[in-house]
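These notes are about the structure you will find just below.
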Amino acid sequence: MRWLLPGFVAVALVCRLPITSLPPALATISRELRLTPTLAGLTTTLPLVCFGLFAFVTPFLVARWGTERTLLAATALTTAGVVVRSLPTTPTFYLGTIALGLGIAVMNVVLPAVVRSRFPDQVPQRMSLYTVCMISGASAAAAATAPLLQHGLSWSWTLAIWTLPLTAALVMWGFATREVTRHPTGGHVAAPQPPTGMAHVVRRPRTWWTAAFMGLQSLCFYLPLTWLPAILRSHGVSPATAGVMLGVYMGLGIPGSFLGPRMATHRRATGVLAAFFAAYALGVVALLGSAATALLGVVVMGFGQGAGIAIALTFIAQQRDPHDVPAVSAFAQGTGFLLAAVGPVTAGAVYQATGSWTVPVLLILAVALAQAASGLVLSRPAPACGAYPG
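Now the structure itself:
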């Protein structure tokens, strides 16, 4: 199929643009719309809550419309949400934020299912491609927003400009959906069957371990993403350097996401993942030392967060039955993003109570060790389909 892979790449590139393009413009938006810090903070919390809650609905949408049509509708909703969010009023700003959060929630769940069903013999390679594209697009949007504002664009037009790549992805995936509809086998797999219901997959211990790993991985990403600049500044690092290091943290996720699926599918996956998790934990510990060790820790953690999401998505996609993937993906990602929504707030409250970043960093370390434990369990081969109850 001519459009399947290009359309998949296009959607993967834009699936985080609406989230990462906002923070550089948030101070300007808060000033012009007169948002309090609490209301401004909702711009991060609302999409994560949408990611978590609406993920559980996605398998029902897939059962009704099919994987490709569901992804097409989700991309359209996300694009519409960005348009509405760009209108310069407070109600439309939040309405658009909720709409794009719901759209991305569905995209999060469905994209691994597309990999498993349409590229069954290339799961590690396509999961690497997916996560590399996702992180690359997210990093590009975060890096480009501030210069657009500095060159005189209003915040409204700066956010609206991201509808252009979203629209392009929507058109390309529309062509791919038409191809799949006309030629269901497409040289990849047999015509899709109805996906497995969530009630069936939640009876399996491995589904719960997958959900645990996804949730802990999400915490390992969003806790540092939110508080790394403040932690570095507590070591005497300048605000400008702290901002650069946050960019480094994001950017190093690209090589990490490329290697993550290969680690998860290595013939000695348990040993390889154990070494990876140990290195990540040492990176977190380095935040407790001097400014120099903290900067080194950011580098290690940046690579680790990219590998972590890629490993999590690979665990999701590697179901023995491809029809299980939407339900497992929904359950794991729904749990993960709900955890991620409360983690940064909890760490901030702990800092406010103690006046020190030591306990929040130890919290990140505890989460990282729990993530390692669940990842090592999942590194063992999954039982055959018939070994599961129900």
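Note that the numbering used here has the sequence shown beginning at 18, numbered continuously upward.
We put the CB at the ideal spot given by N, CA and C, even for glycine.
All values derive from a computational prediction rather than experimental measurement.
| Query | Result |
| --- | --- |
| Below 8 angstroms between beta carbons: does that hold for Gln350 and Met267? | no |
| Please return the same chain residues whose Cβ sits closer than 8 angstroms to the Cβ of Ala159, not counting the five positions on each side in sequence. | Thr37, Ser38, Pro40, Pro41, Gly264 and Met267 |
| Which residue's Cα is closest to the Cα of Thr60: Ile115, Thr87 and Ser173? | Ile115 |
| Can you give the Cα-Cα distance for Val28 and Thr92, rounded to whole angstroms? | 8 angstroms |
| Under three-state DSSP, which class holds Ser373? | coil |
| Counting C-beta neighbours from all protein chains within 10 Å, is the total for Ser255 16 or more, i.e. buried, or is it exposed? | exposed |
| Less than 8 angstroms between the C-beta atoms of Val14 and Cys237, yes or no? | Because the chain here runs from 18 to 407, residue 14 falls outside it and cannot be looked at. |
| Can you name the start and end residues of the alpha helix (DSSP H) that Phe238 belongs to? | Pro222 to Ser251 |
| Please look up how many angstroms separate the CB atoms of Val219 and Leu269, rounded, as I've assumed it's under 8 angstroms. | In fact, because the Cβ distance is near 35 angstroms, the residues do not count as touching under 8 angstroms. |
| Do you know whose CA, among Leu276, Val99, Gly273 and Gln322, lies nearest Leu233's CA? | Gln322 |
| Buried or exposed for Gln167, please, with buried defined as at least 16 other CB atoms from any protein chain shown within 10 angstroms of its CB. | exposed |
| Taking just the CA atoms, how far does Phe71 sit from Thr107? | 23 angstroms |
| Is Val315 close to chain D, meaning its C-beta is less than 8 angstroms from at least one C-beta of that chain? | Absent from the structure is chain D; it holds one protein chain and no more. |
| What number of angstroms, rounded off, separates the C-alpha of Thr363 from the C-alpha of Leu379? | 13 angstroms |
| Check for me: the alpha helix (DSSP H) holding Gly325 runs from which residue to which? | Ala308 to Ala334 |
| Just to confirm, are Leu146 and Val26 a CB contact at a threshold of 8 angstroms? | yes |
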